[in-house]
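**Q** Mapping the sequence shown onto our numbering, position 170 (from 1) lands on 170, and the numbers just tick up by one. Here it is: the structure, laid out below.
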Amino acid sequence: MYVQQLQKTYCKALLITAGAMSLISSPAQAKDWSDTFIGFRYGTDFTEPSIRGKVQKEIYQLGHASGNETGSNFFNLDVLKSDSNDPKKDSDSGATEAYLVYRHQLFLSQVFERSMAFGPVKEVALSGGVELNYKNTEFATRKRMLVAGPTLKFDVPGYLDISLLYAMEWNHCGLNACQAENIQFDPYYVLHMVWGIPFQVAGVPLKFQGFASYKTEKGKDYFKQDTAEESLVRASLMVDVGQLAWGRKNTLLVGPGYEYWKHKYGAINKPGTDTHAPTFHLEWHF
């Protein structure tokens, strides 16, 4: 019975992967634009489910975005280092987590060879991608998620995208209390918004950037308990220090941020599932 369920799971994964790959299979072309950066975030008020009290985290980031007339790619890797309040397995020192996100957008104006603009929307895209993570705690989460769905791209300074994504997620639990070591959640929907809006105040170049996501509930968790709807907002107000200091835009950005996370990972009725964390952000683009 387990083997049959596993086969069905892999078949579904392959079907969604094939769909996502069809979005990124357009002929290779020279990049019209690209942006690669390394970043750093810091905060002392993060939380983790089932952990009482705050967790201090240092977050090291590698990001890349590129695109041409047919579509765009986005890659981001966060390496999150917690303090001892969030310990790694069999240790008193803080845990380390790696979280990777990849997204591809295929512009429908190129598929249908006509403008897809309407109202404030300048383009409609098909988006697909993956999210992967690993954390060396006793829980030992190993998230695998596939997403696909439409994206509206708005005509604003900078960028503003709103996507409705269909998601399938698999994960792992290393706790003895878990009733399943490996779990496939019910499929769910993700309403996702990402933005980066440049502007100036009194001659100071600023950028308001971030993302917000809302996820529907995804069935039972590792303990056969219902999951909850989940909301996450991560935003920052960045000063373009590079433009101020040596006249180069979008090189060195520094500023404050904030993270709001309700029902983290869909967990409810546990400590540490809601986050309200002021943060410090730094980015170096090259």
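Note that beta-carbon positions come from the ideal geometry of N, C-alpha and C, so glycine has one too. Treat the numbers as computed from the prediction; the structure is a model and nothing was measured.
Pick out whichever of Ser34, Val254, Gln56 and Ala125 has its Cα sitting closest to the Cα of glutamine 367.
**A** As displayed, the chain neither begins before 1 nor continues past 286, which places residue 367 out of reach and without an answer.
**Q** Please name the residue, chosen from Glu69, Lys220 and Cys173, that lies closest to leucine 108 on a Cα-to-Cα basis.
**A** The option with the nearest alpha carbon to leucine 108 is Glu69.
**Q** How big is the Cα-Cα spacing for phenylalanine 46 and lysine 135?
**A** C-alpha separation (whole angstroms): 16 Å.
**Q** Contact between the region 78-90 and the region 115-123: three or more CB pairs below 8 Å?
**A** Not touching, per the Cβ criterion.
**Q** Whose C-alpha, out of Gln61, Ser93 and Ser66, is nearest the C-alpha of aspartate 78?
**A** Checking every option, the nearest Cα to that of aspartate 78 belongs to Gln61.
**Q** I need the DSSP call for tyrosine 265, collapsed to helix, strand or coil.
**A** Reduced to three states, the DSSP call for tyrosine 265 is helix.
**Q** Thinking C-alpha only, which one of Leu132, Gln110 and Asp90 is nearest leucine 126?
**A** It is Gln110 whose Cα lies nearest to the Cα of leucine 126.
**Q** Let me know the secondary structure DSSP gives glycine 210 once reduced to three states.
**A** Here glycine 210 sits in strand by DSSP.
**Q** Quick check: the region 239-248 against the region 219-231, are at least 3 beta-carbon pairs closer than 8 Å?
**A** The answer is no - the region 239-248 does not touch the region 219-231, with fewer than three Cβ pairs under 8 Å.
**Q** Using beta carbons (cut-off 9 Å, strictly below), is glutamate 138 in contact with chain C?
**A** Within the model displayed, chain C is absent; a lone protein chain is all it includes.
**Q** Can you tell me whether glycine 53 is buried or exposed? The criterion is at least 16 other CB atoms within 10 Å of its CB, across all chains shown.
**A** With fewer than 16 Cβ atoms within 10 Å of its Cβ, glycine 53 is classed as exposed.
**Q** Spatial neighbours of leucine 100 within its chain, please: C-beta separation below 6 Å, excluding the five flanking residues on both sides.
**A** Contacts found: Leu77 and Leu132.
**Q** Suppose contacts are defined by Cβ-Cβ distances below 9 Å. Is proline 187 in contact with proline 198 by that definition?
**A** Going by C-beta atoms, proline 187 is not nearer than 9 Å to proline 198.
**Q** Provide the residue(s) that pair with tryptophan 246 in DSSP beta bridges, ordered along the chain.
**A** Answer by DSSP bridge pairing: none, since tryptophan 246 is not bridged.
**Q** Could you tell me whether the region 169-183 touches the region 140-150, using the rule of 3 or more Cβ pairs below 8 Å?
**A** They touch, by the three-pair rule.
**Q** Determine whether the beta carbon atoms of serine 91 and glycine 272 lie at a separation below 9 Å.
**A** No, they are not a contact pair.
**Q** Could you have a look at serine 66 and say whether DSSP puts it in helix, strand or coil?
**A** Serine 66: strand per DSSP, three-state reduction.
**Q** Under three-state DSSP, which class holds serine 236?
**A** Looking at serine 236 - three-state DSSP - the assignment turns out to be strand.
**Q** Just tell me which of Arg114, Gly94 and Ser163 has its CA closest to the CA of histidine 104.
**A** Cα-wise, what sits closest to histidine 104 is Ser163.
**Q** Alpha carbon to alpha carbon, what distance is there between tyrosine 159 and leucine 282?
**A** The alpha-carbon atoms of leucine 282 and tyrosine 159 are separated by roughly 20 Å.
**Q** Alpha carbons only, please: which of Lys153, Val194 and Ser82 is nearest the one belonging to leucine 106?
**A** The residue with the shortest Cα to Cα distance from leucine 106 is Lys153.
**Q** Is the beta carbon of phenylalanine 313 less than 9 Å from the beta carbon of glycine 71?
**A** There is simply no residue 313 to check, as the chain begins at 1 and stops at 286 in what is shown.
**Q** Grouping DSSP H, G and I as helix and E and B as strand, with all else coil, what is leucine 108?
**A** Leucine 108 falls in the helix class under three-state DSSP.
**Q** Taking the beta strand (DSSP E) that asparagine 136 falls in, what are its first and last residues?
**A** Note, asparagine 136: premise wrong, no beta strand (DSSP E); not H, not E.
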